[in-house]
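Chains Y and C supply the protein sequences, listed in that same order. Numbers in our numbering are just positions in the first sequence, counted from 1, shifted up by 4. Numbers in our numbering are just positions in the second sequence, counted from 1, shifted up by 17. C-beta atoms are modelled at their ideal positions from N, C-alpha and C, and glycine is treated no differently. These notes concern the structure reproduced below.
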Amino acid sequence: MNIPYPVLLKRTEDPAKWLPIVTSVAAVVAAFVVSGIILWVTGANPFTVYSYFYRASFGSWGAFSDVIVKATPLLLIGLGCSLAFRMRLWNIGAEGQFFIGAFMASAVVMVPLVNLDTTPRWAIVSLMGLLGMLGGALYAFIPGILKAKLNINEIIITLMLNYIAVLWNNYWIFGKWSEAGFQMTKTFPKSAWLPRLADYAKDVPAFSGLTLHAGILFGLIASIIVYIIVYRSKWGYKITLIGDNPRAARYAGINIATNTILVFMVSGALAGLAGMTEVSGVVHRLQERISNSYGFSGVIVAWLAKLNPFAVIVVSILFGALLVASREIQPSGISFLIQGITLFLVISSDVLLKYEIKWVRPTQQETAQ
Amino acid sequence: MQDIVLRFPGVLANDHVNFSLYPGEIHALLGENGAGKSTLMNVLTGLYKPQSGEIRIHGKKVSFNSPKDAIANGIGMIHQHFMLVENQTVTENILIGLDTPRFALNLKKYDQEVSDLADQFDIHIDPTAKIWQLSVGEQQRVEILKILYRGANILILDEPTAVLAPQEIDELIETLKEMAAKGKSIAFISHKLTEVKQVADKLTVLRRGRVTAERVDLKDFTRESLASLMVGREVIFNLHKCVQDHGREVMRLEDVSAVNNKNLPALRNVDLSLHEGEILGIAGVAGNGQSELVEVITGLRECTGKIWMDGKDIANKPPSFAISHGLAHIPEDRIGVGSAPNLSLTSNVIMKRYDKEPISHKWQLDYLAADELTDNLKTEYDIQAPSVKTAARKLSGGNLQKLILARELSSAPHLIVAMQPTRGLDVGAIEGVQQLLLRQRELGCAILLVSEDLDEILDLSDRIAVMYEGHVVGVVCSDDFDITKIGLMMTGTLPQDLPETVKPELHAEGASSRFDQVLEAVRDYEGPPQPDPTIQVESTEHPQSVTPEESEQAEPPTPLEDPDAGLSEKERVLRKILGENYDRRGEE
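Here you go:
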């Protein structure tokens with residue numbers, strides 16, 4: 005490696021344990037600094053912007069509850085992606101699996117599959133959750149089996165399936181399930197809503213107006229389950245082994261095809277569950293815009309969290325905050341700017357983990373020439 | 018290079034090492050894995066900077082910051098693992114990274130340049146061929162050309178023979194001699210004693226970062242004395258192999274055929290059988306179906322026919338089937354197949370037993386139990402690693418192989434399929450691996466040993482099956498091992514067609530290993546003909562068939578032949594080529 009600057013990159017074999025955390029945090033801080041400079045160049049005072057930012061996302065319980073609401077689908081999708089990425093399966097079809105999950109959950113209400121007036125709320129909501137997961141899993145089964153049996157590139161397939169899923173949803177909300185010609189279904193009855201904090205405002209006045217719904221519990225439980233799968237189970241070992249060296253895994257007698265399909269389906273199920281929490285916990289109907297590109301942000305979340313299921317929680321909250329803040333700040337693109345710069349810097353900061361950077365005194369260089 | 022000192026954290030890799038190289042000589046750098054050979058050469062090519070010491074080229078002090086600086090000073094290194102672009106042609110690969118051609122690529126012109134350069138050194142290569150179409154030996158020639166094209170006068174080869182088949186080694190050696198004759202200086206890193214004796218003029222031996230022999234003449238040393246310089250103790254070349262009766266049949270192949278990755282027939286109607294307590298050696302030039310044979314047995318490749326193991330047909334079953342019936346597989350590609358490089362020793366050890374007690378309980382994996390097991394194996398097999406959490410990629414070749422052996426042998430297998438188990442390992446490690454295999458044989462294990470090292474096959478096997486183009490040409494028993502016959506069979510001659518007259522009289526003259534024989538053949542080729550006409554015919558047509566019989570056991574205590582003749586022969590040729598300008602000392 006010969007770069008025209010007086011630095012030498014030396015490969016380090018053993019980065020210290022704390023280093024990844026430090027570099028990630030430093031990268032986020034650096035992202036805010038860089039964005040601040042851009043804001044300053046455009047004429048805004050970055051400190052004012054950031055304080056708005058903070059107030060918009062963490063300034064009050066109401067704001068924070070909104071952040072968690074946004075973080076919920078990111079968390080579920082990020083967990084699914086982290087599992088798939090661990091096996092080097094590039095599932096970027098979470099967006100599509102999210103929509104199919106939302107569709108299946110809505111079907112419980114729209115068909116309807118059960119009597120909405122007599123069935124208890126917990127049963128309806130559970131059924132919606134299960135069908136949402138099933139929908140995501142089945143939708144992810146398609147790229148899974150194509151990859152496993154025919155070795156077809158999963159990136160292309162999952163990406164294309166995203167469009168199909170959106171159009172499939174459109175077919176239903178524009179047509180059969182359309183309410184009075186609007187591109188949305190009717191509002192779900194209360195019995196199909198995930199419980200929200202605001203529902204308990206009668207008992208706890210402080211909860212009034214808080215939109216936080218039970219979906220976040222699914223997310224937290226899922227992250228514990230994913231943690232156990234990855235670090236404590238035989239299946240997690242197999243996934244990690246296949247991810248590190250599929251040829252070694254095959255040699256060790258592990259069935260790669262089966263595991264490819266399974267991991268895809270679990271990843272899809274989590275994205276489908278995210279779709280269900282959105283329709284049942286937030287918008288309470290199926291409509292065109294239910295996703296803030298959650299499926300794609302989830303990919304980024306998984307990556308920034310370095311595939312660690314608990315780090316996914318932290319990162320998804322940060323991204324949720326950025327999403328909430330983008331509502332408050334004009335132009336709203338600033339949030340996405342920060343998102344982009346963060347991703348860029350965190351990924352670049354990997355170089356600090358892999359290499360030691362040494363400054364070379366110019367004199368040494370001269371003697372070389 | 019003088020007084021080179023290079024310290025890595027915790028290791029003194031080079032401790033005041035001197036190394037000098039003169040024009041037109043082949044200087045071998047010998048040492049075990051981890052002795053500091055590659056480190057020293059990486060200093061020379063600018064990959065590492067020494068903490069002290071200096072490098073002089075033609076008397077001028079230099080300091081390199083990168084390989085680019087080194088190549089600008091005419092120093093180029095050919096690494097063990099090639100750095101070539103598979104889908105591009107030879108010429109394109111040679112041009113990669115150069116400043117000219119800048120934009121437009123007049124490939125025809127450069128094809129011509131490349132083939133002219135190749136002709137100069139008698140290297141046979143088609144400049145328009147794509148890399149993937151080339152054999153490993155040919156790819157290595159491309160690497161050599163790449164360095165030569167950049168104007169290198171000093172070539173460093175890092176264990177160049179580790180990846181080559183026997184006859185490719187012979188060709189490489191000829192090329193190296195040719196280049197030395199044209200005035201290039203060659204540093205030849207190796208830990209194989211026989212080939213060092215065969216190729217080099219001068220020798221420097223490293224042990225644990227120190228020089229134990231500096232710039233000595235090879236003729237003063239025997240294999241044994243070289244080995245003890247390298248290892249620091251006596252190395253026993255005679256493996257003790259007890260005679261034992263074979264037990265019942267463990268595996269039988271019936272009419273097995275398979276295709277290779279390019280969908281061409283690679284195994285044709287193979288029948289083999291293997292018994293308890295027996296080592297069946299598979300001899301053959303690389304690429305004659307050995308890999309495919311191993312893969313069909315281990316369930317990694319589909320085939321037709323039947324493979325019986327303990328009465329069950331394991332053909333076309335998933336790999337886990339044979340594993341659960343007691344098959345251990347020591348794969349050829351340790352890094353690519355045999356291990357998960359980024360995972361810990363523990364994760365690598367439990368690869369085949371992660372679903373057995375006590376490592377697992379139902380769906381759970383008990384990492385504590387796994388670490389404990391790994392720690393025990395680490396002690397038992399003497400695997401040098403900081404801890405069981407160390408990533409496998411940080412192990413040296415020998416230790417990685419020990420890790421794989423620990424995993425495979427500790428599962429008490431009935432059948433071991435070992436492919437190239439000692440390739441690329443140093444003398445001490447090879448001995449250890451071979452002892453482990455013999456120990457398993459005594460325990461009643463059936464072992465299928467595939468190796469391109471004929472000496473190894475002869476030393477270890479009870480029977481040898483020779484493969485050629487996917488056929489098993491013939492099977493010979495240990496009381497009938499005849500290297501010439503085996504050599505001829507490796508080139509496709511059927512046992513019944515073997516001439517009776519090929520019995521070599523060479524070993525009567527005191528020849529030892531087959532490498533020395535090849536050396537002799539090479540010498541014959543350049544110099545005056547040998548008195549024995551049979552041998553000469555064989556040596557030109559089938560280099561590997563001149564190999565005499567006998568493993569190391571037959572080696573006489575005194576150095577065979579007269580290596581001096583080789584040197585003076587070379588000198589004579591050099592004088593002829595370079596005329597009066599030929600000066601052995603040259604300019605440093």
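Top-ranked residue by Cα proximity to residue i, from the options
{"i": "Ala324 of chain C", "options": "C:Leu297, C:Arg351, C:Ser341, C:Leu291", "result": "Rather than Ala, the amino acid found at residue 324 of chain C in this sequence is Ile. Among C:Leu297, C:Arg351, C:Ser341, C:Leu291, the Cα nearest to that of Ile324 of chain C belongs to C:Leu291."}
{"i": "Gly179 of chain Y", "options": "Y:Ala325, Y:Trp22, Y:Gln291", "result": "Y:Gln291"}
{"i": "Val283 of chain Y", "options": "Y:Tyr298, Y:Ile25, Y:Phe107, Y:Pro50", "result": "Y:Phe107"}
{"i": "Gly247 of chain Y", "options": "Y:Ile260, Y:Gly82, Y:Ala30", "result": "Y:Ile260"}
{"i": "Asp175 of chain C", "options": "C:Ile95, C:Tyr485, C:Gly298, C:Val354", "result": "C:Ile95"}
{"i": "Leu297 of chain C", "options": "C:Asp372, C:Cys462, C:Glu188", "result": "C:Cys462"}
{"i": "Asn95 of chain Y", "options": "Y:Val316, Y:Leu327, Y:Thr264", "result": "Y:Thr264"}
{"i": "Val159 of chain C", "options": "C:Thr108, C:Leu235, C:Gly343", "result": "C:Thr108"}
{"i": "Asn35 of chain C", "options": "C:Lys78, C:Leu223, C:Leu162", "result": "C:Leu223"}
{"i": "Val405 of chain C", "options": "C:Leu270, C:Val366, C:Glu374", "result": "C:Val366"}
{"i": "Lys211 of chain C", "options": "C:Lys201, C:Ile190, C:Glu195", "result": "Residue identity check: residue 211 of chain C is Thr in the sequence provided, not Lys. Closest by alpha carbon: C:Ile190."}
{"i": "Val467 of chain C", "options": "C:Gly306, C:Gly504, C:Leu112, C:Ala146", "result": "C:Gly306"}
{"i": "Phe145 of chain Y", "options": "Y:Ile304, Y:Gly97, Y:Asn173", "result": "Y:Gly97"}
{"i": "Trp176 of chain Y", "options": "Y:Thr189, Y:Asn166, Y:Asn49", "result": "Y:Thr189"}
Sequence-distant residues of the same chain with beta carbon closer than 6 Å to residue i, five excluded per side
{"i": "Glu266 of chain C", "result": "Ser290, His292"}
{"i": "Arg410 of chain C", "result": "Pro358"}
{"i": "Ile340 of chain C", "result": "Lys369"}
{"i": "Val287 of chain Y", "result": "Ile294"}
{"i": "Asn59 of chain C", "result": "Tyr65"}
{"i": "Pro193 of chain Y", "result": "Leu120"}
Residue environment, residue i, which counts as buried when at least 16 other CB atoms sit within 10 Å
{"i": "Ser61 of chain Y", "result": "buried"}
{"i": "Ser320 of chain Y", "result": "buried"}
{"i": "Glu183 of chain Y", "result": "exposed"}
{"i": "Phe186 of chain Y", "result": "exposed"}
{"i": "Arg59 of chain Y", "result": "exposed"}
{"i": "Met268 of chain C", "result": "buried"}
{"i": "Gly47 of chain Y", "result": "exposed"}
{"i": "Tyr485 of chain C", "result": "buried"}
{"i": "Ser69 of chain Y", "result": "buried"}
{"i": "Trp44 of chain Y", "result": "exposed"}
{"i": "Pro398 of chain C", "result": "The sequence as given places Tyr at residue 398 of chain C; Pro does not occur at that position. By the 10 Å Cβ count, Tyr398 of chain C comes out buried."}
Residue i, DSSP secondary structure in three states
{"i": "Asp472 of chain C", "result": "helix"}
{"i": "Glu271 of chain C", "result": "strand"}
{"i": "Val444 of chain C", "result": "helix"}
{"i": "Val493 of chain C", "result": "strand"}
{"i": "Gly298 of chain C", "result": "strand"}
{"i": "Asn166 of chain Y", "result": "helix"}
{"i": "Asn221 of chain C", "result": "In the sequence under discussion, the amino acid at residue 221 of chain C is Thr, which differs from the Asn named in the question. It is a strand residue."}
{"i": "Met100 of chain C", "result": "coil"}
{"i": "Ala463 of chain C", "result": "strand"}
{"i": "Tyr65 of chain C", "result": "coil"}
{"i": "Gly70 of chain C", "result": "strand"}
{"i": "Leu356 of chain Y", "result": "helix"}
{"i": "Lys406 of chain C", "result": "coil"}
{"i": "Arg285 of chain C", "result": "strand"}
{"i": "Leu181 of chain C", "result": "coil"}
{"i": "Asp330 of chain C", "result": "strand"}
{"i": "Trp22 of chain Y", "result": "coil"}
{"i": "Ser337 of chain C", "result": "helix"}
Nonlocal neighbours in the same chain, by C-beta distance under 7 Å from residue i, ignoring five residues either side
{"i": "Ile447 of chain C", "result": "Thr439"}
{"i": "Gln457 of chain C", "result": "Leu426, Ile433, Ile464"}
{"i": "Leu311 of chain Y", "result": "Ser86, Phe89, Arg90"}
{"i": "Leu412 of chain C", "result": "Ala402, Leu420"}
{"i": "Arg225 of chain C", "result": "Ala52"}
Chain-order list of residues whose beta-carbon lies under 8 Å from that of residue i (same chain, five-residue window excluded)
{"i": "Leu235 of chain C", "result": "Ala45, Val213, Lys214, Ala217, Asp218, Lys219, Leu220, Pro580"}
{"i": "Leu23 of chain Y", "result": "Leu356, Leu357"}
{"i": "Ala328 of chain Y", "result": "Residue 328 of chain Y is actually Val in this sequence, not Ala. Around Val328 of chain Y: Ala60, Ser61, Ala67, Asp70, Val71, Lys74."}
The segment 217–232 of chain C / the segment 483–496 of chain C touching (three or more Cβ pairs under 8 Å)
no
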